[in-house]
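Count along the sequence shown starting at 1, add 24, and that's the number in the numbering used here.
A virtual CB, placed ideally from N, CA and C, is assigned to each residue, including glycine.
Keep in mind it's a predicted model, so treat the numbers as computed, not measured.
These notes are about the structure you will find just below.
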Amino acid sequence: MSILFDRITLIGIGLIGSSIARDIKELCLAGELVISTRSEATLQRAEELGLGDRYVTSAAEAVKDADLIIVSVPVGSSGAVAEQIAPNLKAGAILTDVGSTKASVMAQMAPHVPEGVHFIPGHPLAGTEKSGPDAGFAGLFKGRWCIFTPLPDTDPVALGRLRGFWDALGSRIDEMDPQHHDKVLAIVSHLPHIIAYNIVGTADDLETVTESEVIKYSASGFRDFTRLAASDPTMWRDVCLHNKDAILEMLARFSEDLASLQRAIRWGEGDKLFELFSRTRTIRRSIVEAGQDVDAPDFGRHALDPKA
Ligand code: NAP
25 MSILFDRITL IGIGLIGSSI ARDIKELCLA GELVISTRSE ATLQRAEELG
75 LGDRYVTSAA EAVKDADLII VSVPVGSSGA VAEQIAPNLK AGAILTDVGS
125 TKASVMAQMA PHVPEGVHFI PGHPLAGTEK SGPDAGFAGL FKGRWCIFTP
175 LPDTDPVALG RLRGFWDALG SRIDEMDPQH HDKVLAIVSH LPHIIAYNIV
225 GTADDLETVT ESEVIKYSAS GFRDFTRLAA SDPTMWRDVC LHNKDAILEM
275 LARFSEDLAS LQRAIRWGEG DKLFELFSRT RTIRRSIVEA GQDVDAPDFG
325 RHALDPKA
């Protein structure tokens, strides 16, 4: 593949940043790939892994002369990063992010973005429960959606160049307004994680079932929740705090539906239970048909994540 940007700078080199770095290297998409992260230890590890061409501790230094800057840090830190790098962003550069919430990230970053810099927020819907530079892998974004939430006055040429970049990584691309993105993600990603954190927490607190029994018999269903509940605590704390309204709205709906399910079980309403469980099975089939998972045991995750 040909070089798409002369210099790309990645701020944050965890699971997402390092997966992007591996793809950029493998596909030769950048003339130079500059990597920056907050801690010396992570930067050193990125260098040991050979993820970039140059490694810089200061984010402000790292963005000098960059044509594309991708911020991959927890959403609660995106404003501080934007403030640090703003003075050194060159006119015409494209600044994007990968944060799991969009309205909050845009509100935090946009005020710092200088005139002439194209700020195009993004969110690749791909990941695992792992974190850090060792967790990333090439091909993570292949066949996965990447959602942009462009501002109304976004330059179409810059947007086209960013689309070209994610297209090269194998992503399918969509555009939404940030509020809609946050609602959609609240139900497809944030709520499932919160439910998983909650159920694993409940099992951990149980007094009548020992912890060893929970672990021993986990393959009966519990295990599938523990994968989500093992996700990075900093990232998920920030997601909850930064998509509060949409998450609370979805949680209210969820609680109502759960109460109705509870009633059906209490009153022995078998038909109602059967109808719901049949409906949900169809959704699973549609996900497989849409190529978003494979129809294999373990929800096919071994086939999707070579490191799992
Ligand atoms: P990660 O593996 O934990 O890596 C986080 C990176 O951000 C590290 O380089 C870390 O630097 C840096 N960082 C942490 N706190 C920071 C702070 N306060 N200021 C500046 N930098 C900081 O996280 P990730 O999974 O790659 O997630 C990164 C972003 O991608 C998040 O916004 C997340 O919402 C989004 N996202 C994640 C997934 C997923 O499945 N994980 C999927 C899609 C989008 P040091 O190690 O040097 O401290």
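query	result
Exposure label - residue 31; buried when at least 16 CB within 10 Å	buried
Nearest-angstrom beta carbon gap, residue 91 and residue 59 [assumed within contact, 8 Å]	Between residue 91 and residue 59 the Cβ distance is about 15 Å, and since that is not below 8 Å, they are no contact.
Whether residue 206 touches residue 197 by CB criterion (8 Å)	no
Straight-line Cα distance separating residue 293 from residue 231	30 Å
Distance cut-off 7 Å: residue 152 Cβ against heavy atoms of the ligand NAP	yes
heavy atom of the ligand NAP below 7 Å from residue 39 C-beta	yes
3-residue-minimum beta strand (DSSP E) runs that sit fully inside the segment 68 to 134, ordered along the chain	78 to 80, 92 to 95 and 118 to 121
Selection from 282, 111, 77 and 61 that minimises the alpha carbon distance to residue 54	77
Check: residue 104 C-beta below 7 Å from any heavy atom of the ligand NAP	yes
Any non-hydrogen atom of the ligand NAP closer than 7 Å to residue 97 Cβ	yes
Among 120, 311 and 140, nearest to residue 133 - alpha-carbon criterion	120
Residue burial classification, residue 96 (beta-carbon count within 10 angstroms, cutoff 16)	buried
Secondary structure, alpha helix (DSSP H): runs of 4+ residues fully inside the segment 246 to 314	246 to 253, 257 to 266, 268 to 290 and 294 to 313
Beta-carbon proximity of residue 35 to residue 75, cut-off 8 Å	no
Residues of its chain near residue 47, where Cβ-Cβ distance is below 6 Å and the 5 sequence neighbours each way are ignored	162 and 193
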